[in-house]
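To start, the structure itself, in structure tokens.
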Amino acid sequence: AQRVTQPEKLLSVFKGAPVELKCNYSYSGSPELFWYVQYSRQRLQLLLRHISRESIKGFTADLNKGETSFHLKKPFAQEEDSAMYYCATLGAGNQFYFGTGTSLTVIP
Amino acid sequence: DTGVSQDPRHKITKRGQNVTFRCDPISEHNRLYWYRQTLGQGPEFLTYFQNEAQLEKSRLLSDRFSAERPKGSFSTLEIQRTEQGDSAMYLCASSLGVNTEAFFGQGTRLTVV
Numbered sequence: 001a002q003r004v005t006q007p008e009k010l011l012s013v014f015k016g017a018p019v020e021l022k023c024n025y026s027y028s029g030s031p032e033l034f035w036y037v038q039y040s041r042q043r044l045q046l047l048l049r050h051i052s053r054e055s056i057k058g059f060t061a062d063l064n065k066g067e068t069s070f071h072l073k074k075p076f077a078q079e080e081d082s083a084m085y086y087c088a089t090l091g092a093g094n095q096f097y098f099g100t101g102t103s104l105t106v107i108p
Numbered sequence: 109d110t111g112v113s114q115d116p117r118h119k120i121t122k123r124g125q126n127v128t129f130r131c132d133p134i135s136e137h138n139r140l141y142w143y144r145q146t147l148g149q150g151p152e153f154l155t156y157f158q159n160e161a162q163l164e165k166s167r168l169l170s171d172r173f174s175a176e177r178p179k180g181s182f183s184t185l186e187i188q189r190t191e192q193g194d195s196a197m198y199l200c201a202s203s204l205g206v207n208t209e210a211f212f213g214q215g216t217r218l219t220v221v
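Structure below.
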């Protein structure tokens, strides 16, 4: 069964510092991995997916099959990045299986 | 707002009562999903529909839960004989098909007292 693990529930960084949110997956096949974000009082929304290999709002995530990881990174954190971040994998029916989430706080 | 909408946004009910939530997906989306989120957890998959067919149900969906999507448009999630453990945020999402982005509603927060 597909699983994603986010080991950090809370993460605080200073504005301008690099940020890395960790995600590890367990999956026997070729995983499809995503990062979703939820800003305060807003709905859950897609941030990026690994197959698109794009950078959204300065965030990138690289799939590392050797380490079974899909960490989310940004070189310079901004205050508006403060949010809840969820790593997710995709089931056969296009349903998502989410991690427990990491709450990111960017300190001014 | 042309996104996924859920009604009501909040519901407080007494233990043992039945509740029903509604989800209106984005109009052309044929897939609709229900999730449950409790404090400190990520959203947990409950069930999904392709058009009006319910294709998968999680083991989390006990026999007190039932979901319908009668005409392949809006969906309802009913919880019978609510328990305090049912208190959670219930999220609905829709997508245009497989391997496309799922768009989430703002959720219905259920509190069972």
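Those sequence lines, one after another, are chains V and C. Take the first sequence: its position 46, counting from 1, is numbered 46 in the numbering used here, and each next residue is one higher. Take the second sequence: its position 66, counting from 1, is numbered 174 in the numbering used here, and each next residue is one higher. Glycine is no exception: its CB is placed at the ideal position from the N, C-alpha and C atoms.
- For C/Q158, the three-state secondary structure derived from DSSP is strand.
- Distances from the CA of V/L63 to each of V/V106, V/R3, V/P31 and V/Y97 were compared; the closest alpha carbon is that of V/P31.
- Residues of chain C whose Cβ lies closer than 7 Å to the Cβ of V/Y97 are, in chain order, F153.
- In the structure shown, the three-state DSSP call for C/Q192 is helix.
- Take the alpha-carbon of C/R130 and the one of V/Y39: they are about 23 Å apart.
- Per the Cβ contact rule, the stretch 68-78 of chain V is in contact with the stretch 1-17 of chain V (3 or more Cβ pairs under 8 Å).
- Residues of the stretch 126-145 of chain C with a C-beta atom less than 9 Å from some C-beta of chain V are R139, Y141, Y143 and Q145, listed in chain order.
- Counting only residues of its own chain and dropping the five nearest sequence neighbours on each side, C/L163 has a CB closer than 8 Å to the CB of Y156 and F157.
- V/C23 has no beta-bridge partner at all, per DSSP.
- Approximately 6 Å separates the beta-carbon atoms of C/T121 and C/T190; this is inside 8 Å, confirming the contact.
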